Amino acid sequence: MGRNGKLISYIHERPLQWHLVTAVAGTHDVINDPSQIQAQDDQTIDAGTLTLNSIKSEDGAPCTVITFDPLVLPPGIQPSDDPILQIRSYRTL
């Protein structure tokens, strides 16, 4: 069983869960320098729990190469001027 097969079996036996809590940058936070730590008293939003309980192999599928691009955002969400976002985006290459 290949690496993908092991992951598929694992997910079907034990769903993976992530509890997502996001921090809202305060007026005092530096948002264009990822080396800076945000303040401990920034507002947080409990966005819920993501559960992954089903997975299929990509073998032979049309979407075998998926790249995370931090600048692909939904309407109403604007990126900060953090230079790391530009570096990670495939659209700037």
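Following numbering that gives the first Met the number 0, the numbering of the sequence shown begins with 0 at its first residue and continues without gaps. All residues carry an ideal CB built from backbone N, CA and C; glycine is no exception. Note that this is a predicted model, so its numbers are computed, not measured.
If distances are taken between C-alpha atoms only, which option among the options comes closest to residue i?
{"i": "residue 46", "options": "39, 58, 31 and 21", "result": "21"}
{"i": "residue 69", "options": "54, 86, 38 and 6", "result": "86"}
{"i": "residue 44", "options": "13, 26 and 18", "result": "18"}
{"i": "residue 81", "options": "55, 48, 54 and 29", "result": "29"}
{"i": "residue 84", "options": "48, 31 and 38", "result": "31"}
{"i": "residue 67", "options": "49, 77 and 89", "result": "89"}
What are the residues that DSSP puts in a beta bridge with residue i?
{"i": "residue 47", "result": "19"}
Return helix, strand or coil for residue i, following the three-state DSSP convention.
{"i": "residue 39", "result": "coil"}
{"i": "residue 75", "result": "coil"}
{"i": "residue 70", "result": "coil"}
{"i": "residue 8", "result": "helix"}
{"i": "residue 87", "result": "helix"}
{"i": "residue 14", "result": "coil"}
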